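Visitor: Encoded as structure tokens, here's the structure I'll be asking about.
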Amino acid sequence: MHYIQQPQTIEANSFTIISDIIRETRPDYRFASPLHEAIIKRVIHTTADFDWLDILWFSADALGQLCDALRHPCIIYTDTTMALSGINKRLLATFGGECRCYISDPRVVRAAKTQGMTRSMAAVDIAIAEEEKNKLFVFGNAPTALFRLLEHNVTVSGVVGVPVGFVGAAESKEALTHSHFPAIAALGRKGGSNVAAAIVNALLYHLREA
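And the structure:
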């Protein structure tokens, strides 16, 4: 049985196929920048879904501000361990950054129970209370986490808001597009922890090659 076994070759071939399909099916589509292109193509690579050409939203200068945050020591707070697992933490560490996910933290479990809220909301409360200055929030699963962050109305370095689902997902991301945060958001119901991690990784790979 013959098949490609080298991971680098598989990835390179995948991106070639993605580029070919975009060129064939959307000949008039134009990316705003090489980084914009890299992010969208990596999300398509992760999902095999070309709707991402149209549903990934970027706030003004989001890419510049997110890159600036990531190239300095920062804390990335994720709403799921899956998103945390998918982020290239080794590369992030070369810039002095780290990832944290508090979804299973005993403080979060206790607060969620006593206050009658989701653990994702309680995790955001704890993250906000921490003293680190350079904070990025990366949400791929929990609309309530994104809503909670917006309720705090604090200053953060950036948000990747791509929670997936049918209850509150589209609404939370729509609210993000009207916020003051430097942000990348998925319009509509689509998203996911894998998408969130793919966006962060695309930013990190860009910084590595800069």
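Here UniProt numbering is used: the first residue of the sequence shown is 1, the next is one more, and so on.
Every residue, glycine too, gets a C-beta built ideally from N, C-alpha and C.
For clarity, every value in this text was computed on a predicted model and none was experimentally measured.
Taking 7 Å as the cut-off, decide whether the C-beta atoms of H45 and S19 are in contact.
Guide: No, the Cβ-Cβ distance between H45 and S19 is not below 7 Å.
Visitor: Where does M1 land, buried or exposed, given buried means 16+ other C-beta within 10 angstroms?
Guide: The residue is exposed, with fewer than 16 neighbouring Cβ atoms inside 10 Å.
Visitor: Less than 8 Å between the CB atoms is what I'm expecting for V162 and V109, so what's the real figure, rounded?
Guide: Rounded, the Cβ-Cβ distance is 25 Å, inconsistent with contact.
Visitor: Just list the residues that DSSP pairs E98 with in beta bridges.
Guide: For E98, which the question treats as bridged, DSSP gives the partners I75.
Visitor: Would you call the CB atoms of V167 and L149 closer than 7 Å?
Guide: No. Outside cutoff.
Visitor: Terminal residues of the continuous alpha helix (DSSP H) containing V108?
Guide: Start and end: P106 to Q115.
Visitor: Would DSSP call F137 helix, strand or coil?
Guide: F137: strand per DSSP, three-state reduction.
Visitor: Rounded to whole angstroms, what's the CA-CA distance from E27 to I87? Just pull it up for me.
Guide: This sequence places Pro at residue 27; Glu is not what is there. Using only the alpha carbons, I get a separation of about 32 Å.
Visitor: For the beta strand (DSSP E) that contains A186, what are its first and last residues?
Guide: First-last of the beta strand (DSSP E) with A186: A183 to A186.
Visitor: If contacts are defined as beta-carbon pairs under 8 Å, then F137 and V159 qualify, I think. What distance do you get, rounded to the angstrom?
Guide: Yes, they are in contact, since the Cβ atoms of F137 and V159 sit about 5 Å apart, within 8 Å.
Visitor: Should T80 go down as buried or exposed, given a rule of 16 or more other Cβ atoms within 10 Å for buried?
Guide: Buried, because 16 or more other Cβ atoms sit within 10 Å of the Cβ of T80.
Visitor: Which runs of the alpha helix (DSSP H), 4 residues or longer, sit entirely within the stretch 154-196?
Guide: Counting whole runs of 4 or more residues, the stretch 154-196 contains the alpha helix (DSSP H) stretches 169-177.
Visitor: Which of the three DSSP states is assigned to F58 in this structure?
Guide: Of the three classes helix, strand and coil, the one that applies to F58 here is strand, per DSSP.
Visitor: Alpha carbon to alpha carbon, how far is D49 from I10? Give it in angstroms, no decimals.
Guide: Answer to the nearest angstrom: the Cα atoms are 18 Å apart.
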